[in-house]
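Worksheet: one structure, shown below.
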Amino acid sequence: MLRRMLTSFVAVATFLALGLMPARADEPVPLKIGFLTGYSGPFAIFGQEDDAAIAAYQKEHGDVVAGRKIVLLKRDTTGPNPDVVHRVVQELIARDKVELITGLDYTPNAMAAGMVSNQTHTPVLIVNAATTRILDRAPYMVRFGFTTSQVAVPYGRWAVAHGYKRVFAIYTDYGPGLEAGAAFKKSFTEAGGTLVGEVKPPLRSPDYSAYVQRAKDANPQAIFIFAPAGEHPQAFLKAYTDSGLKDAGVKILATGDLTDELQFDALGDATLGMYTVFHYSEAHDSALNRLFVKDFYSFAPPHVRPDFGGVCTYDVMNAVYKLVAAQHGHIDPDKTIAFLKGIKFESPRGPIAIDQDRDIVQNVYIRQVRKVDGKLQNVEIDTIPNVDRHGDQVKTN
Ligand code: PHB
243 MLRRMLTSFV AVATFLALGL MPARADEPVP LKIGFLTGYS GPFAIFGQED DAAIAAYQKE
303 HGDVVAGRKI VLLKRDTTGP NPDVVHRVVQ ELIARDKVEL ITGLDYTPNA MAAGMVSNQT
363 HTPVLIVNAA TTRILDRAPY MVRFGFTTSQ VAVPYGRWAV AHGYKRVFAI YTDYGPGLEA
423 GAAFKKSFTE AGGTLVGEVK PPLRSPDYSA YVQRAKDANP QAIFIFAPAG EHPQAFLKAY
483 TDSGLKDAGV KILATGDLTD ELQFDALGDA TLGMYTVFHY SEAHDSALNR LFVKDFYSFA
543 PPHVRPDFGG VCTYDVMNAV YKLVAAQHGH IDPDKTIAFL KGIKFESPRG PIAIDQDRDI
603 VQNVYIRQVR KVDGKLQNVE IDTIPNVDRH GDQVKTN
C-alpha cells in the first residue's frame, strides 16, 4: 500500500517536474509551429515586423483553432545563414515537436529548411524566400511570398512600353538575383529593349560604387536592379546618388525590395519618384489592408512599418488557421499539402492563390515612390493581375 502511494507520488512529482501534467479538460491543447526569421543584428527589424504581423492576425482571429492553441516557437535565422537554419529546424522538429515550419526570409535559409522537411515530411510555409526552384525538390514546401521572375518578367515589358529602351542591369549574385536578372533580360529584350550591360554584386558586404560606375560608363537610360531588402538598398542608393546618375536623370527601375517600407525613413527623399515592381505596398487601397495596417501599428515598435514580409506572415497565419480548422485540429503532412494546393483568399495585398506547383499566384503592381500625408509610400500606378511564379498571367476562378 505504502509502496503504491509512494510510486504514484513519484510519478506525479516527475510529471510536474517535466511539465507533462495533462492539460485541464477545458484548456486547449497546444499546436506548436516553428517560426524563423531575423531576430538579431541588422536583421532584428524583420523579426520585430513579423511579430507585429502575427499579433495583428491573432488580435483579429484569436489564438485557438479547432480546440488547439496555436503556439509559435520563434527562432533567429541571424540573416542569410543556412547552417544555423538547418540546425534550428532539426531541433524544432525533433526536440520541440513542432508540426509545421514557417517564416524563412532568405533563399539559402529556405533551402536548408527544405532539406530537413524532406526527411521528416514537415510542412514548410515560406514567407519570403523568392527563388523559384526552392520548391522543386521540397515536396512539403509551399510559398506565400513571391518569386523574382513573377515581378521581373512583367517589369521588362512595362519598361519597354514606357519608353525605357536602353537599360543596365544590376542583380545580386545568388539565387533570387540571378533569377531576377535572367527574367528581366528575357522579357525586356523580347519586347524590343537593349540591355547595355550587367553586373552581379555579391550578397555579403555590398559596396556599390564600382558597379554603379560600370553602369555610368554604359550610358543607359535607366538601371534595373534587384537586391535583397536589408543592407543593400541603402548602399546602392548612396552610390547611385554620389555617382551623379540621379542628377543626370538616369532612372532606377527596381524590384520593391529596394523601397521596402521598413527602410523608407532611412532611405529618405532620395527615393522620391522611383519606379518599382512588387506584390505588396503599405499604401494598397483595400478595406482589408487598412485593417491590417491599423492593427499592425498597434503592436509594432515606433520605427517599424508593414512591408512585404509582414503581409506574407499575416497571410501564412491565415493559411495555418484554415488548414488546422479543415483537419479538425490536426496537421497531417500530405493532407496539408493537398489542402493548400488550390487555396485562395483575400490578402491585404489583393487576391492570392496557391497553384498546383505549391506556389503563389497574385497581382503584381507597378508603383512610384510619392509622399502621402507626409510619409514616403509606394503608390500603386498599374496592376498586372494573377501572375504565376514564372511571371505569366494565369486564370484563377
Ligand atoms: C531571398 O533570399 O530569396 C530574398 C531575400 C530578400 C528579399 C528578396 C528575396 O528582399
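If you count the sequence shown from 1, position 158 lands on 400 in the numbering used here, and the numbers rise without skipping.
We put the CB at the ideal spot given by N, CA and C, even for glycine.
Remember, it's a predicted structure, so these values are computed and weren't measured experimentally.
| Query | Result |
| --- | --- |
| Span separating the alpha-carbon of Lys407 from that of Ile465 | 11 Å |
| Top-ranked residue by Cα proximity to His363, from Lys637, Val384, Pro350 and Thr374 | Val384 |
| Residues that Glu440 bridges to, as DSSP identifies them | Ala411 |
| Residues passing the C-beta test against ligand 1 heavy atoms, cut-off 5 Å | Tyr348, Thr349, Ala371, Ala372, Pro418, Pro470, Ala471 and Asp499 |
| Residues near Ile275 in its chain [Cβ-Cβ closer than 8 Å; skip 5 each side] | Ile312, Val313, Leu314, Leu315, Val340, Glu341, Leu342, Ile343, Thr344 and Val562 |
| Per-residue DSSP class, three states only, for Pro548 | coil |
| Pro365 burial status per 10 Å Cβ neighbour count (16 or more: buried) | buried |
| C-beta atoms of Lys458 and Asp415 nearer than 9 Å | no |
| Cβ distance (whole Å) where Ala394 is taken to contact Gly551 below 8 Å | Going by Cβ atoms, the distance from Ala394 to Gly551 rounds to 19 Å, so no, they are not a contact pair. |
| Leu514 classed as buried or exposed, judged by whether at least 16 other C-beta atoms fall within 10 angstroms | exposed |
| Beta bridge counterpart(s) of Gln604 as assigned by DSSP | Ile594 and Val629 |
| 6 Å CB neighbourhood of Tyr281 in its chain, flanking five on each side removed | Gly289 and Asp318 |
| Contact the segment 531 to 551 vs the segment 621 to 633: 3+ CB pairs below 8 Å | no |
| Alpha helix (DSSP H) runs wholly inside the segment 340 to 422, at least 4 long, in chain order | 349 to 362 and 390 to 403 |
| Residues that DSSP places opposite Phe587 in a beta bridge | Ile594 |
| Per-residue DSSP class, three states only, for Gly309 | coil |
| Run of the alpha helix (DSSP H) containing Thr578, from where it starts to where it stops | Pro575 to Leu582 |
| Residue span of the beta strand (DSSP E) that contains Tyr281, given as start and end | Note, Tyr281: premise wrong, no beta strand (DSSP E); not H, not E. |
| Spatial neighbours of Phe430 in its chain, beta-carbon cut-off 7 Å, leaving aside the 5 residues before and after | Gly398, Ala401, Val402, Val409 and Leu437 |
| Check whether Val454 and Leu487 have beta carbons under 9 Å apart | yes |
| Sub-9 Å separation of Met516 and Ala496 beta-carbons | yes |
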